[in-house]
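Residue numbers (our numbering): 71 to 746.
Note that beta-carbon positions come from the ideal geometry of N, C-alpha and C, so glycine has one too.
A quick write-up on the structure given underneath.
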Ligand code: GAL
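Right, dumping it as structure tokens:
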């Protein structure tokens with residue numbers, strides 16, 4: 071029986087319309103005395119939910135037939151007695167030493183054939199039947215033990231599936247890969263055709279000869295690599311479903327989720343995974359050094375759109391520093407509030423951290439937490455308490471959905487994988503960076519954007535930006551044509567529309583499948599060297615890539631031309647008018663400045679303006695709606711104070727200035743309320 075639960079099942083006695091607020095809680099790292107202080111501080115901070123048991127396998131199953139649930143029983147009861155709900159992990163994320171000793175054949179293998187040792191975490195093969203047997207037995211035991219526990223509010227499958235083990239090249243992976251390929255291609259002849267094995271004498275005569283793309287003499291077959299990425303995402307998704315199905319069978323009323331890693335990890339096609347969980351959960355850490363706020367906003371935005379606008383769960387972020395970068399800068403208390411509230415503005419109804427109490431030992435002892443080593447008398451903990459209060463003040467926002475924007479940026483995992491494969495014209499093409507640059511430039515322009523998976527319905531948008539949409543099956547090209555034919559404005563870039571689903575080039579000139587729609591033809595790619603740039607005639611410049619764009623359709627015209635180098639005088643950016651719609655092509659990497667200069671040409675004809683609350687792009691506007699009321703989240707993107715004029719709206723969060731505006735401190739977030 072399938073559950074219809076789409077959100078946290080708040081325990082009886084807890085407010086059902088509150089924000090989830092809390093962290094990963096790892097009480098097994100602490101003596102019992104600390105647990106009492108933990109719950110006291112959690113109550114003080116306004117914590118409503120914690121994730122328990124993520125790395126508890128070794129403490130729950132001491133040997134194949136020896137279990138110890140007593141400590142977890144106590145923790146669950148203690149949390150419940152204190153009004154704190156539990157997102158209970160299935161505890162399968164990290165197999166215990168006895169299991170890897172008994173079954174070393176569950177350990178993952180790298181492309182070089184190195185078997186990874188236990189001693190860290192997530193050392194298991196996604197395709198291992200032995201691992202799956204033990205893990206599912208643990209899931210059964212957890213569900214049987216805690217399925218009826220009054221604190222149980224959601225199940226948390228494993229943890230960050232694929233974070234360290236997505237690409238496993240073991241023999242188990244080889245077997246499962248062959249099964250997956252048989253299912254996909256039916257015959258070995260079809261596999262040979264799809265993989266283009268006429269090249270380099272690679273023709274297979276039997277599926278049994280096929281291997282994962284292990285380390286080879288030089289570039290492995292690109293379609294083999296792409297299919298292995300598809301398979302690797304699928305096999306973990308299949309594992310997620312296996313755990314979920316056990317939980318649904320035993321506890322049909324308890325929602326099931328797992329934490330995604332948008333957009334820091336691209337190994338998993340989360341657009342395909344999103345339907346397999348009852349609600350979408352995401353982890354986000356500030357990974358990028360430049361414009362980290364844009365990266366955070368983009369991740370939250372995409373997560374919300376994977377959840378199709380429904381509330382989602384921010385399962386992890388950091389109160390301050392992480393510990394896994396080369397240098398780990400702290401976050402100010404203001405940034406702590408900013409980050410959490412931007413996630414909320416993009417639709418999160420639960421805001422949690424890794425982790426509750428900073429560990430004394432282990433690899434993450436220098437990772438920040440809600441309660442730092444120095445204890446509760448710290449700025450971090452005070453900001454944590456402040457955030458708990460703010461979330462209580464914002465309670466009426468809970469349950470509202472993200473309001474759609476008029477501009478979309480399309481993200482496609484298959485293109486992301488394929489465009490960054492080796493043996494290409496340039497190995498410096500960076501999918502995530504290109505997407506972020508378009509997103510950042512649109513934020514700078516004060517425009518609200520939806521970042522959507524490629525499968526999303528595009529017809530409601532006025533402008534669709536599809537950067538580096540390299541992999542272009544016929545059906546996708548058809549959808550883009552239909553979008554433009556209906557009056558939509560499409561923008562795409564260099565190295566888009568180039569190959570079909572098997573990574574075979576669309577012949578007749580680039581950009582292959584999009585040539586007609588764009589009204590252009592390109593005979594060769596002209597990548598630029600790392601230190602090379604080309605001047606453009608609008609005063610900006612291109613890097614990374616250039617192309618001799620030839621206009622083939624009278625409806626197309628040059629919008630910007632190259633002004634230096636071999637291509638001087640030739641079109642760099644073109645637009646092809648199609649009825650009231652248009653298709654714009656950008657043949658070089660413009661970067662944020664170059665995109666900013668081009669945006670008026672794109673947004674103007676589409677009639678898309680900056681949000682009135684954007685303060686010239688200094689402020690990001692995020693809108694949530696419950697149908698009758700709109701909640702307008704305004705995040706100051708700058709390190710200076712900004713004032714936003716307020717009209718009929720009511721200020722729900724933030725300072726009202728002497729002039730009656732909303733005064734936003736550096737990186738401050740305010741919320742206005744207005745009728746929908
Ligand atoms: C996540 C993980 C957590 C913790 C955190 C530290 O990848 O799920 O367990 O390691 O990162 O930033």
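By alpha-carbon positions, which one of the options ends up nearest to residue i?
i, options, result
"residue 493", "174, 253, 663 and 289", "289"
"residue 640", "614, 648 and 592", "592"
"residue 295", "251, 257 and 318", "251"
"residue 537", "706, 503 and 525", "503"
"residue 235", "179, 109, 328 and 158", "179"
"residue 385", "329, 667 and 419", "329"
"residue 221", "723, 359 and 159", "159"
"residue 91", "82, 103 and 113", "113"
"residue 749", "204, 307 and 642", "What is shown of the chain runs 71 to 746, which leaves residue 749 out entirely."
"residue 734", "718, 708 and 719", "708"
"residue 190", "210, 597, 634 and 165", "165"
"residue 628", "643, 421, 103 and 381", "643"
"residue 309", "201, 269 and 373", "201"
"residue 572", "691, 127, 267 and 418", "267"
"residue 128", "539, 169 and 277", "169"
Taking just the CA atoms, how far does residue j sit from residue i?
i, j, result
"residue 336", "residue 700", "33 angstroms"
"residue 135", "residue 161", "16 angstroms"
"residue 609", "residue 520", "29 angstroms"
"residue 352", "residue 589", "40 angstroms"
"residue 398", "residue 388", "12 angstroms"
"residue 348", "residue 395", "32 angstroms"
"residue 525", "residue 344", "12 angstroms"
"residue 676", "residue 663", "21 angstroms"
"residue 595", "residue 656", "13 angstroms"
"residue 217", "residue 157", "12 angstroms"
"residue 615", "residue 476", "29 angstroms"
"residue 326", "residue 133", "27 angstroms"
"residue 743", "residue 580", "48 angstroms"
"residue 376", "residue 350", "8 angstroms"
"residue 140", "residue 661", "57 angstroms"
"residue 130", "residue 137", "6 angstroms"
"residue 232", "residue 450", "30 angstroms"
"residue 720", "residue 324", "37 angstroms"
"residue 185", "residue 338", "22 angstroms"
Beta carbon of residue i, beta carbon of residue j: below 7 angstroms?
i, j, result
"residue 695", "residue 470", "yes"
"residue 501", "residue 490", "yes"
"residue 587", "residue 551", "yes"
"residue 523", "residue 341", "yes"
"residue 658", "residue 645", "no"
"residue 93", "residue 124", "no"
"residue 606", "residue 630", "yes"
"residue 704", "residue 689", "yes"
"residue 444", "residue 427", "no"
"residue 530", "residue 651", "no"
"residue 724", "residue 462", "no"
"residue 214", "residue 79", "no"
"residue 366", "residue 412", "yes"
"residue 408", "residue 371", "no"
"residue 60", "residue 514", "For the chain, the structure presents residues 71 to 746; residue 60 sits outside this window and is missing."
"residue 364", "residue 510", "yes"
"residue 291", "residue 274", "no"
Using C-beta distances below 8 angstroms, list every residue in its chain close to residue i, excluding the 5 sequence neighbours before and after it, in chain order.
i, result
"residue 731", "713, 714, 715 and 716"
"residue 582", "542, 567, 568, 569, 575 and 576"
"residue 478", "519, 520, 521, 522, 526, 528, 531, 533, 534 and 535"
"residue 74", "The predicted model places residue 74 with a pLDDT of 42, which falls under 50 and marks its position as unreliable; any figure quoted below should be read in that light. Here the set comprises nothing."
Excluding the five sequence neighbours on either side, which residues of its own chain have a C-beta within less than 6 angstroms of the C-beta of residue i, listed in chain order?
i, result
"residue 334", "357"
"residue 71", "Unreliable positioning characterises residue 71 in this predicted model, as indicated by a pLDDT of 32, which lies under 50. The coordinate reading is nonetheless provided below. Contacts found: 322."
"residue 437", "392 and 393"
"residue 97", "105 and 145"
"residue 301", "247 and 250"
"residue 429", "99 and 435"
"residue 638", "632"
"residue 242", "195, 197 and 198"
For residue i, which residues in the same chain have their Cβ closer than 7 angstroms to its Cβ, ignoring the five residues on either side in sequence?
i, result
"residue 182", "285"
"residue 446", "111"
"residue 305", "196, 197 and 246"
"residue 672", "533, 559, 561 and 654"
"residue 244", "281 and 282"
"residue 516", "680, 681, 684, 686 and 687"
Looking at chain B, is there any beta carbon in it that lies within less than 7 angstroms of the beta carbon of residue i?
i, result
"residue 511", "Considering every chain present, this structure includes no chain B. It has just one protein chain."
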